[in-house]
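> My questions all concern the structure below.
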Amino acid sequence: MQASAPASSFSLCAFLPALGLILFIADAQHDDAALHAREDVLRASGGVAKLESDLVTTANQQLIEFQNLFSDLRSGTAAECDAIANVVLALYPSFASFTVAGRNGSPVCGAPSGAAPLDLTQRPDLRQSIDLKTFVIGGYKTDPLSGKFALAVSFPLLDDAGSVVRVIAAYLDLSWLQTVADEERLPNGSTITLLSAGGIVLARYPDPERWVGRTVPAPGITRAISGGLSGFTVESGGIDGDRRIYGFSRMKGAHGNTSAFIAAGIPSSVAFAEANSVRDRSLIALIIIAAAVFIIASLGSELLVLRPVRALRAAALRIAQGDAASRVRMKGGASEFLSTAATFNTMADELEARQGKLGEAAAERTAELQAQVGLTASANSILRSTLDATADAVIVYDPDGVTLAVNERLRDLFPDGIAVTQLIGRPFAVSASRLLGAFDDAERAIAAVKDSLTDGDRTFKEKLFTKPPVREFELFSTPACGRDGSLIGRLVAFRDMTQERELGRMRTEFISMVSHELRAPLTIIKGYNGFLADGDAGPLNARQAEYVSEIQKSANQLIALVNDLLDMQQIEAGKVALAPAALHVRDCADATVAASAPTFAQKRHSIVIDVPRDLPKIWADPQRLTQVLANLLSNAHKYTPDGGRITLRASLAGDMVRISVQDSGIGISKEDLVKLFTKFFRSGNRAARAEDGTGLGLVITKLLVELHGGKITVDSELGKGSTFSFTLPVAGSGGTGPPSAAPAVGKAP
1 MQASAPASSF
11 SLCAFLPALG
21 LILFIADAQH
31 DDAALHARED
41 VLRASGGVAK
51 LESDLVTTAN
61 QQLIEFQNLF
71 SDLRSGTAAE
81 CDAIANVVLA
91 LYPSFASFTV
101 AGRNGSPVCG
111 APSGAAPLDL
121 TQRPDLRQSI
131 DLKTFVIGGY
141 KTDPLSGKFA
151 LAVSFPLLDD
161 AGSVVRVIAA
171 YLDLSWLQTV
181 ADEERLPNGS
191 TITLLSAGGI
201 VLARYPDPER
211 WVGRTVPAPG
221 ITRAISGGLS
231 GFTVESGGID
241 GDRRIYGFSR
251 MKGAHGNTSA
261 FIAAGIPSSV
271 AFAEANSVRD
281 RSLIALIIIA
291 AAVFIIASLG
301 SELLVLRPVR
311 ALRAAALRIA
321 QGDAASRVRM
331 KGGASEFLST
341 AATFNTMADE
351 LEARQGKLGE
361 AAAERTAELQ
371 AQVGLTASAN
381 SILRSTLDAT
391 ADAVIVYDPD
401 GVTLAVNERL
411 RDLFPDGIAV
421 TQLIGRPFAV
431 SASRLLGAFD
441 DAERAIAAVK
451 DSLTDGDRTF
461 KEKLFTKPPV
471 REFELFSTPA
481 CGRDGSLIGR
491 LVAFRDMTQE
501 RELGRMRTEF
511 ISMVSHELRA
521 PLTIIKGYNG
531 FLADGDAGPL
541 NARQAEYVSE
551 IQKSANQLIA
561 LVNDLLDMQQ
571 IEAGKVALAP
581 AALHVRDCAD
591 ATVAASAPTF
601 AQKRHSIVID
611 VPRDLPKIWA
621 DPQRLTQVLA
631 NLLSNAHKYT
641 PDGGRITLRA
651 SLAGDMVRIS
661 VQDSGIGISK
671 EDLVKLFTKF
681 FRSGNRAARA
691 EDGTGLGLVI
701 TKLLVELHGG
711 KITVDSELGK
721 GSTFSFTLPV
731 AGSGGTGPPS
741 AAPAVGKAP
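What follows is the structure in C-alpha cells.
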C-alpha cells in the first residue's frame, strides 16, 4: 500500500479544480454578502443624515414661526419669555433646550430653567447669527441645560426696524436616532453611531450611556472620517472591539455645514455567516470524496500498475548489468502492460542483435577520427606557417599564463642560446626574465605583459626599447575569446616600430618646415584682411563683408593648425622647456574657465568647478597646465549640445592630483577610443565631423601631461558624454618639486 501512495496521491490532483471552484464560489459569495452589507449600512447612514437635515430645516421654519407668533420673545419680560420657552419645549420635543439671550449673551429666559450667561466665544454661531441676521447651525455640543450631546442652532430675533434685539440659542435632541435604528431593521449586533469630526462618540445605539463621550480607537474609522468624505464604507473594529462593516454619511444642516458623521455598522460575523457556512459544507464534502478516491486508487495502482512496472524494471536492470538474454515474464496485468512487456522483449532481441554491429560501427568511427586528426595536423601546420610568416613576434598564452604557441620572429628578441621551443608549456612567471631580457627596461616589459595576462577583458598597448643597437617595439596584448564569448587565452605581439618611427620623425620635420613657411604668409593674409574688415580700403557691402569674415575665419583656423603642428614638433623633438612651479589647481581652474566663459555662453553651457580649495599644490608649468585645461574644456564645449553641463573636478590620488573634465555631450564609440590620441584623427561620427578641429589638440594634451610625469585617460560611451582625466604630481614641501617630478626639458615618456 505504501508503494502505491505516490500514484494515489497523484490521483488527488483531479480534485484541485473542484477545490479551486469551491474557494472561488465562496469568495464570490463573500463579496456578494459584503456588497449587500455595504448597501444596507449606506442606506441606514444616509437615512439618518437625511432625517437630521430634515430636522434642521424644520427647526429653522419653527423658529421663524416663533418669532412671528410670540412677540414676547423679542420684547417681553423674563417671566413672559419663560412661559413661552416652556410651552415650546412641551409642544416641540425635538428641542432639548430653548434659551433666549441678549446681544451680549446675557440670558433673558430659558427652558428647562437654570439658563446661565452664554459665552459667545464658545458659541460662535450666536455671534454669526447676530451679525448675519439668519439661522446658523453651531454643530454638536454638550447642552449645558440638559447635559446631553445635541445639535446647537441659533436664530436672531429682529424688531420692526430689522435690528437684532435678542437671539435664540436652542439645542436639538438626538433621541430620534433610536427611531431610525428601529425602522431600518438592521441585524442583531448592528450599531448606529454619531461621531464628531475628531472621532468622539456623540450618540450611539444601543447602549448610548456606555459609549457617549469616548473616542473611537479604531484607526480604520478615524482615517475614514478624517478624510471628510461621505457615502463610503470600511470594515474595521469598533469602539467595543467587535469587527463590523461600517457605512459613513456626513451630517448636514439646512445650510450644508458639516458637523459630524453618522456610522451604521453590521457585524462582519453576521454579514458573512451564510457564505462561510456554504464554504465549510462544500469543503467537508470534498474531503470525504477525496479520501474515498485515495483508498480505491491506492489498491488499484498496486494491483494493476506497480507490480507490472516492477517486473519491467527488474528485467531492465538485468540487461543493464550485461545479461542481454534477460526477458520479462508477466502472467497477469492490464493489456497495456502485457503489450509493453512484449515490446520490451522485442527491444531486448534487437539490442542483442545490434551488439554485433557495434564493433563494426566503432571501427568505422575510428577510421573517421584518424582522418580528422590528419586534417587537424594539416591545419596546424598551415597555422604554424602563417604564424611564422607574420612580421610581428607573437606569443599565445592560455588563461593561466602558460605558453601555447610562439613564432620564429620571436627569436630576434631572445638572448643567445634560447630556443623558441623551450617556451612552449612554460608559465610566463618562469620564462619571463629570459624571454624579455633583450629589452633595455626588462622589469617594465615583464610588468606590462604580466598586467595584460591578469586582466582578461582589456586590450593593452605599451612602448618598449631594446638594448643597443636600440630598436623600438610596441607591445600589443588582446584577449582571445571563444564563440560563446568565454576567455580561451591571450595573444601578445611585439611589433618593430623602428623604421616606422624614423619615417614619422622625417614626416614631423617636414611638417615643421612647412608650418614655419606657412606662418609668415598667413600672418600677412590675416593682417591685410583685418585692414579690409576695418574699412581701410573703403567701405564694404554686405557680400564683401561676408567674404572678408570667411577669410578671417579660415586664416585663424590655419594659424591654429600651424601652431598645433609646431607645438607637437617641439614636444616630440624634446625642445619644450617646462617652467614648473607649485600651483593651486583651483586658481588655474578659475582662470581658465573665466577666460573661456564667452565661448561657453554661445551654447548656454553650465560650468561646474568642483575643486577643493584645500587640495595640495601641484608641480606643473602654469602656461602648459592652462593649455591642457583649455584644450579639454574646448573639446567638451565643441561636442556638448546647447544647454549641456560641463564639470571640472580635482581630487587627491596618492602622490598625484587627478583632474577631470566631464561633459554631457555626444560621447565616443569604443572603436574611436582606441584611435583618440592619434595624430590628425577625426571621428567618423556625423555629429563630431560637424565641429571644426585639427585632430591634434588631444595629441598635444597627452604629450604635455606625460611631459609632466602624468597620465591621461578617457572614459566615454556613445550618447552618454565623456570624462577626460589626467594626473599631475603633488608639489613637495616648501614649494619644491617632488622627487619623481618630470624633467624641465625633454620628450614625453
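Sequential numbering from 1 applies to the sequence shown in my numbering. Yeah, the Cβ is synthetic: ideal placement off N, Cα and C, and Gly gets one too. The structure presented is a predicted model; accordingly, all values stated were derived computationally and were not measured.
Among Ser97, Ser596, Pro641, Ala348, which residue has its Cα nearest to the Cα of Ser634?
Closest by alpha carbon: Ser596.
> Locate the alpha helix (DSSP H) running through Leu202, then write down its first and last residues.
First-last for Leu202: 201-205, but that is the beta strand (DSSP E), not the alpha helix (DSSP H).
> Just to confirm before moving on: does the CB-CB distance between Arg682 and Gly667 stay below 7 Å?
no
> So, with DSSP's three-state summary, where would you put Pro427?
The answer is strand: DSSP assigns Pro427 an E or B state.
> For Gly174, does the three-state DSSP call read helix, strand or coil?
Just to set this straight, residue 174 is Leu in the shown sequence, not Gly. DSSP places Leu174 in coil when its eight states are reduced to three.
> Where does Lys141 fall in DSSP's three states?
strand
> Give the secondary structure of Leu491 by DSSP, where H, G and I count as helix, E and B as strand, and everything else as coil.
strand
> Between which two residues does the beta strand (DSSP E) carrying Ile568 extend?
Note that residue 568 is Met in the sequence shown here, rather than Ile. Careful: Met568 lies outside any beta strand (DSSP E), inside the alpha helix (DSSP H) at 542-572.
> Under a Cβ-count criterion, where at least 16 other Cβ atoms within 10 Å of its own Cβ denotes burial, should Ala314 be classed as buried or exposed?
exposed
> State the beta-bridge partners of Gln61 as determined by DSSP.
Note: Gln61 sits in no beta bridge, so no partner.
> Using the Cα positions of Ala342 and Ala362, report the straight-line distance between them to the nearest angstrom.
Cα to Cα, the separation comes out at about 30 Å.
> Looking only at C-alpha atoms, which of Gly489, Ala432, Ser477 sits nearest to Asp392?
Ser477
> Leaving out five residues before and five after Ala620 in sequence, what residues of the same chain have Cβ atoms less than 6 Å from its Cβ?
Cβ within range, chain order: Pro580, Leu583, His708, Leu728.
> As an exercise, report each continuous alpha helix (DSSP H) stretch of at least 4 residues that is fully enclosed by the region 631-716, in chain order.
Segments of the alpha helix (DSSP H) lying fully in the region 631-716: 670-675, 686-689, 697-707.
> Report back the beta-carbon spacing between Ser249 and Gly231 to the nearest angstrom; my notes put them in contact at under 8 Å.
6 Å
> Does the pairing of the region 371-384 with the region 438-447 give three or more beta-carbon distances under 8 Å?
no
> Within 10 angstroms of the Cβ of Asn68, are there 16 or more other Cβ atoms? Answer buried if so, exposed if not.
exposed
> Looking only at C-alpha atoms, which of Ala389, Val430, Gly138 sits nearest to Arg411?
Ala389
> Can you tell me whether Pro580 is helix, strand or coil according to DSSP?
coil
> Comparing alpha-carbon positions, which option in Leu202, Leu676, Ile511, Gly241 lies nearest Lys141?
Leu202
> With H, G and I counted as helix, E and B as strand and the rest as coil, what does DSSP make of His255?
Note that His255 scores 45 on pLDDT, short of 50, meaning its location in the model is unreliable; the coordinates nonetheless yield the value given after this. Three-state result, His255: coil.
> Return yes when the Cβ of Ala37 is within less than 7 Å of the Cβ of Ala786, no when it is not.
Given that the chain is displayed from residue 1 to residue 749, the structure contains no residue 786 and the question cannot be resolved.
> Following the continuous beta strand (DSSP E) through Asp400, name the residue where it begins and the one where it ends.
That residue, Asp400, is in no beta strand (DSSP E); it is neither H nor E in DSSP.
> Since Glu472 is in the beta strand (DSSP E), which residue starts that stretch and which ends it?
472-481
> Mapping the DSSP letters down to three states, classify Ala620 as helix, strand or coil.
Reduced to three states, the DSSP call for Ala620 is strand.
> Going by the CB atoms, is the gap between Gly489 and Tyr397 shorter than 7 Å?
Taking 7 Å as the Cβ cut-off, Tyr397 and Gly489 qualify as a contacting pair.
> Which partner residues of Pro729 appear in the DSSP bridge assignment?
Met656
> Do Val730 and Ala650 have their beta-carbon atoms positioned less than 7 Å apart in this structure?
no
> Put Leu19 into one of helix, strand or coil per three-state DSSP.
Reduced to three states, the DSSP call for Leu19 is helix.
> So, are the CB atoms of Asp672 and Ile646 less than 7 Å apart?
Taking the C-beta atoms as reference points, Ile646 is found no nearer than 7 Å to Asp672.
> Could you check how far apart the C-beta atoms of Ser431 and Ile446 are, in whole angstroms? I think they sit under 8 Å.
The pair is not a contact, with the Cβ atoms about 10 Å apart (cut-off 8 Å).
> Rounded to whole angstroms, what is the Cα-Cα separation between Ser277 and Leu23?
12 Å
> If you reduce the DSSP assignment to three classes, tell me which class Leu51 lands in.
Residue state, collapsed to three classes: helix.
> Residues in the same chain with beta-carbon distance under 7 Å from Val548, minus the five sequence neighbours each way, listed in chain order, please.
Asn529, Leu532, Ala533, Leu540
> Could you pull the start and end residues of the alpha helix (DSSP H) that Ser452 belongs to?
442-454
> To which residues does DSSP link Lys720 through a beta bridge?
For Lys720, which the question treats as bridged, DSSP gives no partner whatsoever.
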